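S.K.: Residue numbers (this note's numbering): 895 to 1060. Can you read through this structure? Questions will come right after.
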């Protein structure tokens, strides 16, 4: 049985993330969406809110589970028996960073492989940061995120007057 992890901060989960999750679920026996805290980012949503959103949008995928973790991805992979790390690539600029991370992960944990999945063309420009910025400035982001995520995003922006962006 091949277990894959799709790590990210998912703040919020976008249709681009969801597309990678769906495609990975067709390739691997089990996919763990691993929500990590990125110390270089100031999240709009709490880790618990992000877990709930990702669980909601992946509920129909029987071989997908959602977990949160802190620390190194390779330590998570060891603990959970992960064979493959799935990463989405939007542009060649993503590749430089992702290649470096894949090499370091391999150095730290020989067993883990990294599989790069090309983002579909309709999601090439999409990132959680861009979605939050557009929403905060009053733009319509409903086509970039799942419906439940859009609702929560609009609620969060209404609560904080700027979506909690720092």
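Even glycine gets a Cβ: it sits at the ideal position worked out from N, Cα and C. Since the model is a prediction, treat every value here as computed from it, not as a measurement.
What are the start and end residues of each continuous beta strand (DSSP E) run of 3 or more residues lying completely inside the segment 990 to 1044, in chain order?
M.R.: 1007 to 1012
S.K.: Is residue 981 helix, strand or coil when you go by DSSP?
M.R.: Taking the first residue of the chain shown as position 1, residue 981 is located at position 87. In this structure, residue 981 counts as strand in the three-state DSSP scheme.
S.K.: Beta-carbon within less than 7 Å of residue 975's beta-carbon, same chain only, minus the 5 sequence neighbours each way: which residues are those?
M.R.: The residue given as residue 975 occupies position 81 in the chain shown. Correct list, in chain order: 897.
S.K.: Spell out a yes or no on whether the segment 960 to 980 and the segment 1002 to 1011 are touching, meaning 3 or more CB-CB pairs, one atom from each, closer than 8 Å.
M.R.: Touching, per the Cβ criterion.
S.K.: Per DSSP, what kind of secondary structure is residue 942 in: helix, strand or coil?
M.R.: Start at 1 with the first residue of the chain shown, and residue 942 comes out as number 48. DSSP places residue 942 in helix when its eight states are reduced to three.
S.K.: Distance, Cα to Cα, residue 966 vs residue 942?
M.R.: Here residue 966 refers to the residue found at position 72 when the chain shown is read from its first residue. Here residue 942 refers to the residue found at position 48 when the chain shown is read from its first residue. Whole-angstrom Cα-Cα distance: 19 Å.
S.K.: Near residue 922, what residues of its chain come up, given a Cβ to Cβ distance below 6 Å and the 5 sequence neighbours on each side ignored?
M.R.: Walking along the chain shown from the start, residue 922 turns up at place 28. Excluding residues within five positions, the ones whose Cβ falls inside 6 Å are 896 and 898.
S.K.: In the DSSP assignment, find the unbroken alpha helix (DSSP H) run with residue 936 in it and report its ends.
M.R.: The residue given as residue 936 occupies position 42 in the chain shown. Element bounds for residue 936: n/a, residue is neither H nor E.
S.K.: What residue range is occupied by the uninterrupted beta strand (DSSP E) comprising residue 970?
M.R.: As a position in the chain shown, residue 970 is number 76, starting the count at 1. Careful: residue 970 lies outside any beta strand (DSSP E), inside the alpha helix (DSSP H) at 967 to 974.
S.K.: Taking a contact to mean a Cβ-Cβ separation below 9 Å, would you say residue 907 touches residue 955 in this structure?
M.R.: On the chain shown, position 13 is the one that residue 907 refers to. On the chain shown, position 61 is the one that residue 955 refers to. It is not a contact, given that the beta carbons lie outside the stated cut-off.
S.K.: Shortest alpha-carbon distance to residue 917 belongs to which of 952, 1041 and 1024?
M.R.: Within the chain shown, numbered from 1, the residue matching residue 917 stands at position 23. When each option's Cα is compared against that of residue 917, the closest is 952.
S.K.: Is the separation between the beta-carbon of residue 1044 and that of residue 910 shorter than 9 Å?
M.R.: Working through the chain shown from its first residue, we reach residue 1044 at position 150. Working through the chain shown from its first residue, we reach residue 910 at position 16. Between residue 1044 and residue 910, the C-beta gap is not smaller than 9 Å, which leaves the two residues out of contact.
S.K.: If you follow the beta strand (DSSP E) that residue 928 is part of, which residue opens it and which one closes it?
M.R.: For the purposes of this step, residue 928 is taken as residue 34 along the chain shown, with counting starting at 1. Counting along the chain, the beta strand (DSSP E) containing residue 928 begins and ends at 924 to 930.
S.K.: Do you know how far the Cα of residue 948 is from the Cα of residue 904?
M.R.: Walking along the chain shown from the start, residue 904 turns up at place 10. Walking along the chain shown from the start, residue 948 turns up at place 54. C-alpha separation (whole angstroms): 8 Å.
S.K.: Terminal residues of the continuous alpha helix (DSSP H) containing residue 919?
M.R.: Translated into positions along the chain shown, residue 919 becomes position 25. Element bounds for residue 919: 909 to 921.
S.K.: Would you kindly work out how many angstroms separate the C-alpha atoms of residue 996 and residue 989, rounded to a whole number?
M.R.: The residue you call residue 996 lines up with position 102 of the chain shown. The residue you call residue 989 lines up with position 95 of the chain shown. If you take the alpha carbons of residue 996 and residue 989, they lie about 10 Å apart.
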